[in-house]
Structures are given as structure tokens and as C-alpha cells.
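*Asks:* Structure incoming, see below.
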Amino acid sequence: MSEVLRTVRLVLHPVSMADHAALLTHWTGPLVRRHLFDDRLISAVQVAEIIDASERDFATEGYGLWALRPASRWSGGIDGVPGPDAAGPGEPLVGVAGLSHHDGPLGHGVDVEILYSLEPDRWGQGLAAEASRAVLDYAFGVVGVHRVTAEIDMANPASAEIALQLGMRRRPDGPAGPDGAAYYAAERSRWVGSRRIVDAVP
């Protein structure tokens, strides 16, 4: 697929069945699933369904989920910046970032939501924000999405901080839900106006 994104430290490839085992391990980790799946243990079949849904979304919507892997230190790019395919097959999965569509809060149409998760040993390194900036730049600059939302578990203040770092604003039409979620949004006009540039390879 051609929807490969890269940052200084990461290469983002659309998830595929080749990532199934790594995704199953990542998403069933207790610290990851606590905030991503409300502490539910998802099955191998459910992981396959998520991968299938992402591949369909890329085909129909132009976006989906990306597997995050470290950019290779030995890849030749300009000024030390890795090339678009710098993550080798042996590089470990360090997380996932991407976009999905769902019904917005209060039934206000369909939202495009940003999602991300990282392996716990990668927390606190700025990688979630780095990957999310690449995803938002792709959403707004390549696909032309007008708004991207984030549903933040307020028991996870680190995710709320990432949303703020990305320039997302708390949505007044997204009150806290029964699970303590809050809604944030980034608008294309504001994002493009801020001139946030992340190298994306469409």
C-alpha cells in the first residue's frame, strides 16, 4: 500500500495480517487494553476483524490504522532522516495510530476519530504525539478531512495532554459520558493555518 507515513523516529505502515501476532500481543497487554478496550481482553478473531475493517477503510475512505515501528538507524535518508520504508521487517511494533469513523456525540453525524496506543516501555518519549501529528497531517492534507475528534478517557491524563499538544480543543457538544470520557477536536482550517508540517508519503 502507498499510505506510508514517516517521522524522524517512526515509520507508519497500514496494518495488515502480517501484523496480526504483534497487534494481538500489543492490544492484550494489561496497560494498553485498560484505556483502549475498557480493560476487555480481545480475541485473535477480533484483531483480524479490526485489521479487515482498517483495510476496507483505506480502500473506501483513504484512512485507517497504521502500525508504528522504529525508523532504522542505518537507512540512508537526507540529513539522517530515514526514508519512507526505513523500518525493516525485524523492527518491533511499538504501537498503533490511526483514524476510524463512528457516530459523533449526541448524534451529531459521523466523526473521524484519532486513535493511538503505545507499548508501555515507550511511554513518556513523545512518540504518541509524533505519530499522531503525522496521522493528522495526512488526514487534513492528503485525505481532506474537515475535523478529527478524540474520545479521551479522563482517567488517562497523558492522553488528554497529547490531545492538547496536538492543538485539539475540548468540544462543548461532547459532555463527559458514563465512562468519564471527554471529547476533543482538531479542525482542518486551524491545523493548516498553524503550518504544522509532518513528512507524509501519500
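Just so we're aligned, residue 1 is where the sequence shown starts under UniProt numbering, counting upward by one. Idealized CB from N, CA, C, for every residue including glycine. Predicted model only: the values in this text are computed from it and were never measured.
(1) Mind listing, in chain order, the continuous beta strand (DSSP E) runs of no fewer than 3 residues lying wholly within the segment 130–155?
(2) Please confirm whether residue 3 has its beta-carbon closer than 8 angstroms to some beta-carbon of chain D.
(3) Distance check for residue 171 and residue 11, CA to CA, integer angstroms please.
(4) For residue 20, collect the residues of the same chain with a Cβ closer than 7 angstroms to its Cβ; drop the 5 residues on either side in sequence, then sort them by chain order.
(5) Would you mind sorting residue 111 into buried or exposed? The rule is 16 or more other CB atoms within 10 Å of its CB.
(6) My assumption, with CB atoms under 8 angstroms, is that residue 29 sits in contact with residue 92. Please give the rounded CB distance.
(7) Under a Cβ-count criterion, where at least 16 other Cβ atoms within 10 Å of its own Cβ denotes burial, should residue 6 be classed as buried or exposed?
(8) By DSSP, does residue 117 sit in helix, in strand, or in coil?
(9) Taking the beta carbon of residue 139 as the centre, do at least 16 other beta carbons fall within 10 Å, making it buried, or is it exposed?
(10) Measuring CB to CB, does residue 149 end up less than 8 angstroms from residue 184?
(11) According to DSSP, simplified to helix, strand and coil, what is residue 4?
(12) Just the C-alpha distance for residue 163 and residue 45, rounded to the nearest angstrom, thanks.
(13) Once you ignore the five residues that flank residue 130 on each side, which residues in its own chain have a CB closer than 8 angstroms to its CB?
(14) Beta-carbon separation of residue 67 and residue 101 under 8 angstroms?
*Replies:* In short, the structure shows the following:
(1) Those beta strand (DSSP E) runs which fall completely within the segment 130–155 and span 3+ residues are 147–153.
(2) Of the protein chains in the structure, only one exists, and it is not chain D.
(3) Translated into the one-based positions of the sequence shown, residue 11 becomes position 11. Translated into the one-based positions of the sequence shown, residue 171 becomes position 171. Taking the straight line joining both Cα atoms gives about 31 angstroms.
(4) Taking the sequence shown and counting its residues from 1, one reaches residue 20 at position 20. Leaving aside the five residues that flank residue 20 on each side, the residues in its chain whose CB is nearer than 7 angstroms to its CB run, in chain order, 47, 48, 51.
(5) The residue given as residue 111 occupies position 111 in the sequence shown. Residue 111 should be labelled buried.
(6) By 1-based counting over the sequence shown, the position of residue 29 is 29. By 1-based counting over the sequence shown, the position of residue 92 is 92. Not quite, the Cβ-Cβ distance comes to about 13 angstroms (not below 8 angstroms), so this is no contact.
(7) Locating residue 6 in the sequence shown gives position 6, where the first residue counts as 1. Buried: at least 16 other Cβ atoms inside 10 Å.
(8) The residue you call residue 117 lines up with position 117 of the sequence shown. DSSP places residue 117 in strand when its eight states are reduced to three.
(9) Working through the sequence shown from its first residue, we reach residue 139 at position 139. Residue 139 should be labelled buried.
(10) Sequence index remark: in the sequence shown, residue 149 carries index 149 (1-based). Sequence index remark: in the sequence shown, residue 184 carries index 184 (1-based). Result yes, Cβ atoms of residue 149 and residue 184 sit closer than 8 angstroms.
(11) If you number the sequence shown from 1, residue 4 lands on position 4. In the displayed model, residue 4 falls within a strand according to three-state DSSP.
(12) Numbered from 1 along the sequence shown, position 163 holds the residue referred to as residue 163. Numbered from 1 along the sequence shown, position 45 holds the residue referred to as residue 45. For residue 163 and residue 45, the distance between alpha carbons rounds to 31 angstroms.
(13) Translated into the one-based positions of the sequence shown, residue 130 becomes position 130. Correct list, in chain order: 7, 8, 9, 10.
(14) For the purposes of this step, residue 67 is identified with residue 67 of the sequence shown, where counting begins at 1. For the purposes of this step, residue 101 is identified with residue 101 of the sequence shown, where counting begins at 1. In this structure, residue 101 does not lie closer than 8 angstroms to residue 67 by Cβ.
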